[in-house]
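A short write-up of the structure that comes next.
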Amino acid sequence: MFADWPLLSLVIWTPILGGIAVLSANSDSQKTVARGLALLFSIITFVLSIPLYTAFDTGTGAMQFVEGPVAWIPRFNIYYNLGVDGIAMPLILLTSFMTVLVVLAGWEVIKERVAQYMAAFLIMEGLMIGVFAALDAALFYVFWEAMLIPMFLIIGIWGGPRRVYATLKFFIYTFFGSVFMLVALLYLYFQTDSFLIADFQHYNMGLIPQMLIFLAFLIAFAVKVPMWPVHTWLPDAHVEAPTGGSVILAAIMLKLGAYGFLRFSLPITPDASQELDWLMISMSLIAVVYIGFVALAQQDMKKLIAYSSIAHMGFVTLGFFVAWRIFNNTGSLEGAAMGLEGGIVQMISHGFISGAMFLCVGVLYDRMHSRQINDYGGVANTMPTFATFMVLFAMANAGLPGTSGFVGEFMVILSSFKANFWFAFLAATTLILGAAYTLWMVKRVIFGDVANDKVAALEDINKREFLILGMLAVAVLLFGLWPAPLLEVMEPTVNNLLQHMMQSKL
Numbered sequence: 134m135f136a137d138w139p140l141l142s143l144v145i146w147t148p149i150l151g152g153i154a155v156l157s158a159n160s161d162s163q164k165t166v167a168r169g170l171a172l173l174f175s176i177i178t179f180v181l182s183i184p185l186y187t188a189f190d191t192g193t194g195a196m197q198f199v200e201g202p203v204a205w206i207p208r209f210n211i212y213y214n215l216g217v218d219g220i221a222m223p224l225i226l227l228t229s230f231m232t233v234l235v236v237l238a239g240w241e242v243i244k245e246r247v248a249q250y251m252a253a254f255l256i257m258e259g260l261m262i263g264v265f266a267a268l269d270a271a272l273f274y275v276f277w278e279a280m281l282i283p284m285f286l287i288i289g290i291w292g293g294p295r296r297v298y299a300t301l302k303f304f305i306y307t308f309f310g311s312v313f314m315l316v317a318l319l320y321l322y323f324q325t326d327s328f329l330i331a332d333f334q335h336y337n338m339g340l341i342p343q344m345l346i347f348l349a350f351l352i353a354f355a356v357k358v359p360m361w362p363v364h365t366w367l368p369d370a371h372v373e374a375p376t377g378g379s380v381i382l383a384a385i386m387l388k389l390g391a392y393g394f395l396r397f398s399l400p401i402t403p404d405a406s407q408e409l410d411w412l413m414i415s416m417s418l419i420a421v422v423y424i425g426f427v428a429l430a431q432q433d434m435k436k437l438i439a440y441s442s443i444a445h446m447g448f449v450t451l452g453f454f455v456a457w458r459i460f461n462n463t464g465s466l467e468g469a470a471m472g473l474e475g476g477i478v479q480m481i482s483h484g485f486i487s488g489a490m491f492l493c494v495g496v497l498y499d500r501m502h503s504r505q506i507n508d509y510g511g512v513a514n515t516m517p518t519f520a521t522f523m524v525l526f527a528m529a530n531a532g533l534p535g536t537s538g539f540v541g542e543f544m545v546i547l548s549s550f551k552a553n554f555w556f557a558f559l560a561a562t563t564l565i566l567g568a569a570y571t572l573w574m575v576k577r578v579i580f581g582d583v584a585n586d587k588v589a590a591l592e593d594i595n596k597r598e599f600l601i602l603g604m605l606a607v608a609v610l611l612f613g614l615w616p617a618p619l620l621e622v623m624e625p626t627v628n629n630l631l632q633h634m635m636q637s638k639l
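Those letters in the sequence shown? Residues 134 to 639, per my numbering, in order.
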């Protein structure tokens, strides 16, 4: 039924055009109109993205819902070419789902420049989906760079007191990394006379060019993940960003760097990925262990969750490169696939959990205008419904079995055992560290006696907030108890990726 529909174009351009439409309602008297239009376009986009899953063929690892290639800039062989596989499609659904929640989250909180705020998120949604769907590297790069602009404005206009510093740091780090990616893409273009990502993946290079290309991609994608040691921009950006900005930053934008490793680094430079897997595994394990200890020292709830995100994303990159090491050393497709699939599941799960944690902090901040853990205590006494949600998401963040936070981490740890016992041992420390810093925060914020008069005066969540947190709770429990729907769509793509990489080795 949907085979002839330009679904990907609709999912990309509907929110972008919706954002432009929302901008027309920019007067103070039209705030309600702006909110309504933003919610309408975000829901339409989510509904349009659902057939990408329901009509997805789980029997193939090939690209589906392909559009084009249509000549965009013929002189340089640049095409408008879209398509998704079992890796990109779940990320597009996550993006469209989280945008609906972000619009709802800002419904009452954002009182100034409402139209511009809502429009920025809608436009950014379309651009992020474009990154996941682009099959042409030039198109990918345009979407990749363009999405920085809405986030730059969101932090810079609606952020906290140090928003200018945080915005500039965010932009400089990410733009600096992107320059290296551009150089790598141009080199590949001059070698292949094409910007199609598939042509890059089938181009055979020597080891030295592969190493240089891999390192260029590494700088760009490591900054976006972010990996240690280029992670320092993230806590500042999270602390200063409004709640919606933190949600999208953690739930979606961090996944773009990890996606880049799957779409570019591993398939285009398989030999360099093998030679430098020790570097990637080391950086990932440092993020898991060292950043976990850093999170333990935080007094600001947003900073704690931000550092937690860095540690959890370390599991993603660990799963990717442990998988490639296993496949090279043993030829075990099953063991390697588990690592890759675990990393991808962790990406999706972290999107739900980190978004939920930041929304919980936003609920408290809206009421008390403080993110300091010491300002709270005994919240469960005055906000029992909210406390239930926050404890659930905290347990998921700590990797409790039965929640989505457990599935991806467990798969990566199992895969790490096949590569090296010490990899698995160090990775498993997150089960202790994650529980330590998460429970430390929950104990002091949620439980105990009511700390002060401000906490005593708190009101429990309203229907809108219940709806937002309730939908995330369902997602966290659903994928924790039944991850099969997610694993089924990605398995053929993951196997196809591994087989392609092995065939492309020198």
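We put the beta carbon where it would ideally sit given N, CA and C, even for glycine.
Every value quoted in this text rests on a predicted model; they were computed, and no experiment measured them.
Check each candidate in the options and name the one with the smallest Cα separation from residue i.
i: residue 328; options: 524, 288, 375, 202; result: 202
i: residue 552; options: 468, 566, 532; result: 468
i: residue 232; options: 303, 210, 378; result: 378
i: residue 647; options: 503, 464, 446, 473; result: The requested residue 647 is not part of the displayed model; the chain covers only 134 to 639.
i: residue 220; options: 266, 498, 584, 153; result: 266
i: residue 463; options: 505, 476, 409, 550; result: 550
i: residue 359; options: 177, 386, 373; result: 386
i: residue 401; options: 305, 346, 546; result: 346
i: residue 371; options: 395, 406, 564, 433; result: 433
i: residue 601; options: 523, 636, 528; result: 523
i: residue 442; options: 483, 430, 255, 429; result: 483
i: residue 208; options: 498, 316, 326, 338; result: 326
i: residue 178; options: 217, 228, 159, 222; result: 228
i: residue 158; options: 184, 182, 247; result: 247
i: residue 585; options: 546, 603, 509, 627; result: 509
i: residue 167; options: 225, 152, 145, 566; result: 152
i: residue 514; options: 556, 589, 391; result: 589
i: residue 634; options: 437, 609, 338, 413; result: 338
i: residue 293; options: 317, 419, 373, 495; result: 373
i: residue 604; options: 155, 525, 453, 150; result: 525
i: residue 628; options: 171, 306, 470, 405; result: 470
i: residue 636; options: 479, 532, 183, 335; result: 335
i: residue 185; options: 226, 200, 206; result: 226
Just checking: is the beta-carbon of residue i within a distance shorter than 8 Å of some beta-carbon in chain E?
i: residue 188; result: Among the chains in the structure shown there is no chain E, since it carries only a single protein chain.
Classify residue i: buried if its beta carbon has 16 or more other beta carbons within 10 angstroms, exposed otherwise.
i: residue 570; result: buried
i: residue 388; result: buried
i: residue 440; result: buried
i: residue 658; result: Not covered by the structure: residue 658. The range shown for the chain is 134 to 639.
i: residue 214; result: buried
i: residue 558; result: exposed
i: residue 445; result: buried
i: residue 502; result: exposed
i: residue 274; result: buried
i: residue 161; result: exposed
i: residue 295; result: exposed
i: residue 481; result: buried
i: residue 598; result: buried
i: residue 197; result: buried
i: residue 560; result: buried
i: residue 192; result: exposed
i: residue 411; result: exposed
i: residue 530; result: buried
i: residue 542; result: buried
i: residue 631; result: buried
i: residue 555; result: exposed
i: residue 607; result: exposed
Between residue i and residue j, which are expected to be in contact by the criterion C-beta below 8 Å, what is the C-beta distance as a whole number of angstroms?
i: residue 279; j: residue 260; result: 5 Å
i: residue 451; j: residue 421; result: 7 Å
i: residue 417; j: residue 447; result: 5 Å
i: residue 244; j: residue 310; result: With 8 Å as the limit, residue 244 and residue 310 do not qualify as a contact, their Cβ atoms being about 35 Å apart.
i: residue 313; j: residue 352; result: 4 Å
i: residue 257; j: residue 382; result: Contact flag wrong, Cβ pair sits at about 10 Å.
i: residue 577; j: residue 506; result: 5 Å
i: residue 375; j: residue 277; result: Not a contact, Cβ separation roughly 23 Å.
i: residue 303; j: residue 361; result: Not quite, the Cβ-Cβ distance comes to about 17 Å (not below 8 Å), so this is no contact.
i: residue 563; j: residue 609; result: Actually they are not in contact, since the Cβ atoms of residue 563 and residue 609 sit about 18 Å apart, beyond 8 Å.
Could you pull out every unbroken alpha helix (DSSP H) segment of at least 4 residues lying fully inside the region 437-483, listed in chain order? none
Taking 8 Å as the cut-off, does the region 517-528 touch the region 589-599 (at least 3 CB pairs, one atom from each stretch)? yes
Going residue by residue through the region 280-332, where are the continuous alpha helix (DSSP H) segments of at least 4 residues, counting only ones entirely within it? 281-291, 296-325
Which runs of the alpha helix (DSSP H) at least 4 residues long sit entirely within the region 175-260? Give them in chain order. 221-238
At 4 residues or longer, what runs of the alpha helix (DSSP H) sit wholly inside the region 534-622? 537-552, 554-578, 586-589, 596-614
Touch test, the region 490-501 against the region 609-628, Cβ-Cβ under 8 Å, three pairs minimum: no
Could you name each continuous alpha helix (DSSP H) segment of 4 residues or more that falls completely within the region 506-533, going from the start of the chain to the end? 512-515, 517-530
Runs of alpha helix (DSSP H) wholly within the region 323-388 (minimum 4 residues, chain order): 330-334, 340-357, 366-373, 376-381
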